[in-house]
Structures are given as structure tokens and as C-alpha cells.
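Enquirer:
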Amino acid sequence: MPVTVKEMMEAANAAVERIDMEKAKDVLGKGGLLLDIRDAAEVHKTGRAKGAHHIPRGMLEFRADDALQSHDPELKKDRQIVLYCASGGRAALAGKLLKDMGYDQVYNLGGLNDWVNAGGETSES
756 MPVTVKEMME AANAAVERID MEKAKDVLGK GGLLLDIRDA AEVHKTGRAK
806 GAHHIPRGML EFRADDALQS HDPELKKDRQ IVLYCASGGR AALAGKLLKD
856 MGYDQVYNLG GLNDWVNAGG ETSES
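Everything in the sequence shown is counted per our numbering, starting at 756 for the first residue and increasing by one.
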């Protein structure tokens with residue numbers, strides 16, 4: 756049966772905890788990965804959260820699968836991951852994808868503005 760975006764978002768939001776900056780700082784302070792999943796053009800235009808690693812959403816599956824040559828070594832299944840995008844929707848979907856792939860500790864911070872509005876620093880792309 757076909758699935759709608761609304762249904763995908765509901766499933767993603769149910770599976771991936773939405774966190775605030777305080778929780779994000781705690782996770783990152785314990786060695787977690789801050790992951791920007793926006794497109795390269797977005798990152799180039801607005802910069803990214805300071806210290807964030809960038810993997811575009813469209814490449815996430817290929818970077819997350821440790822059986823592939825394209826695996827990104829920053830992605831480890833036992834590492835906590837805090838995702839953000841522009842508003843939180845893609846971060847939720849990406850978080851669910853990572854959970855489906857065996858990454859247990861995945862969180863959705865929301866969008867870059869959530870980071871900035873909570874006092875997070877940014878850097879150029």
C-alpha cells in the first residue's frame with residue numbers, strides 16, 4: 756500500500772526523539788556526532804553549525820552502510836548522532852533511516868535556526 760509523506764513523518768517523529776540544545780550539548784560533549792544533512796547548496800549559502808559533519812540526505816544510506824566502500828567512518832552504530840536540517844523534517848526522516856539501519860542513538864535537533872537561536876555557533880561551509 757502506498758505511503759504518504761504525512762505517514763512517513765508521523766513514523767519518523769515517533770521513532771526519533773526531538774531534542775533541545777541542552778540535550779544536544781550533553782550528547783555532543785560525550786563524543787556524539789553533530790550531522791548536517793542539508794544539501795550542499797544550503798550549507799554553502801548559510802554555513803553550518805560549528806563542528807558539524809556534513810552528509811547530504813540523498814547520500815546518507817551510502818555513507819551509513821559500513822559494508823560499502825562509500826561508508827563514512829564518522830558514522831558508527833555505537834555513536835550518538837544529533838541530526839539537523841533546515842526545519843527538522845529531513846532530520847526526522849534521516850534519523851528513522853539510520854535507526855532502520857541499526858543506529859540506535861539518533862536524535863533530531865530540528866533546523867539550523869534551532870541551533871543558532873539556542874546560542875550555537877556557526878562556521879562557513
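Glycine included, C-beta positions come from ideal geometry on N, C-alpha and C.
Computed from a predicted structure; not experimentally measured.
Kindly list the residues whose CB is nearer than 8 Å to the CB of Gly874, restricted to its own chain and excluding five residues on each side of it in sequence; keep chain order.
Expert: The answer, listed in chain order, is Met776.
Enquirer: Would you mind stating whether Gly813 and Leu789 have Cβ atoms separated by less than 8 Å?
Expert: Taking C-beta atoms as the reference points, Gly813 and Leu789 fail to come closer than 8 Å.
Enquirer: Which residues in the same chain have their Cβ closer than 7 Å to the Cβ of Ser825, if we skip the five residues on either side of it in sequence?
Expert: Annotation for Ser825: Phe817, Arg818 place their beta carbon closer than 7 Å to its own, counting only its chain and skipping 5 residues before and after.
Enquirer: Hey, Leu852 and Leu815: beta-carbon distance below 8 Å or not?
Expert: Cβ distance < 8 Å, so Leu852 and Leu815 count as in contact.
Enquirer: So for Val861, helix, strand or coil by DSSP?
Expert: strand
Enquirer: Using 10 angstroms around the beta-carbon of Ala796, count the other beta-carbons present and answer buried if the total reaches 16, otherwise exposed.
Expert: exposed
Enquirer: Mind checking whether Asp791 and Arg803 have CB atoms under 8 Å apart?
Expert: Taking 8 Å as the Cβ cut-off, Asp791 and Arg803 qualify as a contacting pair.
Enquirer: Under three-state DSSP, which class holds Gly784?
Expert: helix
Enquirer: What are the boundary residues of the alpha helix (DSSP H) that Leu848 is part of?
Expert: 844 to 855
Enquirer: To the nearest whole angstrom, what separates the beta carbons of Tyr862 and Val837, a pair I think is in contact under 8 Å?
Expert: 5 Å
Enquirer: At which residue ranges does the region 763 to 814 contain complete alpha helix (DSSP H) runs of 4 or more residues, listed in the order of the chain?
Expert: Those alpha helix (DSSP H) runs which fall completely within the region 763 to 814 and span 4+ residues are 776 to 784, 795 to 801.
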